[in-house]
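**Q** Everything in the sequence shown is counted per my numbering, starting at 18 for the first residue and increasing by one.
Virtual Cβ for every residue (Gly too), placed ideally from N, Cα, C.
Bear in mind that the values here come from a model prediction, so they are computed numbers and not experimental data.
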Amino acid sequence: MKKSSVERKVIGTSVEGTSIEAWKIGHQGEIIHFYGGFHGDEPEGVEIALKLKDYLIQHDADLFQNKIVLIVPLVNPDGYKNKTRVNSHKVDLNRNFPTKDWTKEALEPKYYPGPKPASEPEVRAILDLMDQFYPQKIISFHSLIPHQLNYDGPAKKLAEAMSCYNHYPVTDHIGYPTPGSLGNYAGQERNIALITYELPEKISKEKAWEESKEALLEAIRFVL
Ligand SMILES: [Zn+2]
18 MKKSSVERKV IGTSVEGTSI EAWKIGHQGE IIHFYGGFHG DEPEGVEIAL
68 KLKDYLIQHD ADLFQNKIVL IVPLVNPDGY KNKTRVNSHK VDLNRNFPTK
118 DWTKEALEPK YYPGPKPASE PEVRAILDLM DQFYPQKIIS FHSLIPHQLN
168 YDGPAKKLAE AMSCYNHYPV TDHIGYPTPG SLGNYAGQER NIALITYELP
218 EKISKEKAWE ESKEALLEAI RFVL
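1) Determine the DSSP secondary structure at residue 20, reduced to helix, strand or coil.
2) Quick one: does the C-beta of residue 51 sit closer than 7 Å to a heavy atom of ligand 1?
3) Please tell me whether, using a cut-off of 7 Å, the distance from the CB of residue 76 to the nearest non-hydrogen atom of ligand 1 is below it.
4) Please report how far the alpha carbon of residue 210 lies from the alpha carbon of residue 240, in whole angstroms.
5) Write down every uninterrupted run of the beta strand (DSSP E) in the segment 45-124 whose length is 3 residues or greater and which is fully enclosed by it, in chain order.
6) Throw me the rounded Cβ distance for the residue 142 and residue 49 pair, which I believe falls under 8 Å.
7) Give me the residue from 225, 46, 233, 189 with the minimum Cα distance to residue 168.
8) Would you call the CB atoms of residue 122 and residue 131 closer than 8 Å?
9) Buried or exposed, going by whether 16 or more other CB atoms sit within 10 Å of the CB of residue 19?
10) Per DSSP, residue 29 forms a beta bridge with which residues?
11) With DSSP collapsed to three states, give me the class of residue 145.
12) Any chance the CB of residue 59 is under 7 Å from a heavy atom of ligand 1?
13) Quick check: the segment 105-123 against the segment 185-204, are at least 3 beta-carbon pairs closer than 8 Å?
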């Protein structure tokens, strides 16, 4: 009997006790991670991660001879429920990674990095997942004006290949310092090709999928 190549896993629990779920599609080969909803007030990224998950589950046999795709559609379920950027400890999860540049100082309260690096269970869930299934590539969905494909680590060519499909601008700096971010942690310190995929704010899920679908499939196919 053919082994099913789709698995749902609980990878951790939020501050308020909600499960953080991951879908693993494919069972051998190069590993790519997709994350949505680090910021609870950016639902665009959650919606596209769910859309991608559904699409890949339907089409896995054609696409995944030599790939493992791990999708965490909602990293910050409490923030999503409460429509806040931060988690229930008021921590910006994208400033809570254990980087060399982690600092207690925050430019603004919305960037509060927490009492210490990796203090938050949502961040520890992602760190554990990265250790268990070490990725070559990570795509982390957010939304921002201006939309862009921002890269960290060895991801310039990957960003450019994706941009051929969605024509989003490729950038190597978001325009302000981001100590403790996933980009600094995974891209710069662990040498993983990382794309912070900034969708246009308020884009509908249909439009987002229409303009991003091929770029996301390219991210999976692309060989670094
Ligand atoms: Zn964001």
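**A** In short, the structure shows the following:
1) Low local confidence applies: a pLDDT of 48 at residue 20 is under 50, so the model's placement there is unreliable, and no value is given.
2) Result no, Cβ not under 7 Å from ligand 1.
3) Incorrect: residue 76 has no Cβ contact closer than 7 Å to ligand 1.
4) A straight-line Cα-Cα distance of about 11 Å links residue 210 and residue 240.
5) Whole beta strand (DSSP E) segments, 3+ residues: 47-52, 84-89.
6) About 18 Å separates the CB atoms of residue 142 and residue 49; that is not less than 8 Å, and the two are not in contact.
7) Relative to residue 168, the option among 225, 46, 233, 189 whose CA is nearest is 189.
8) Not in contact: residue 122 and residue 131 (Cβ atoms no closer than 8 Å).
9) Per-residue confidence for residue 19 stands at a pLDDT of 47, beneath the threshold of 50, marking its modelled position as unreliable; no derived number is given.
10) Under DSSP, residue 29 forms a beta bridge with 37.
11) Three-state DSSP puts residue 145 in a helix.
12) Yes - ligand 1 has a heavy atom lying nearer than 7 Å to the Cβ of residue 59.
13) Yes, since at least three Cβ pairs between the segment 185-204 and the segment 105-123 fall closer than 8 Å, the two stretches touch.
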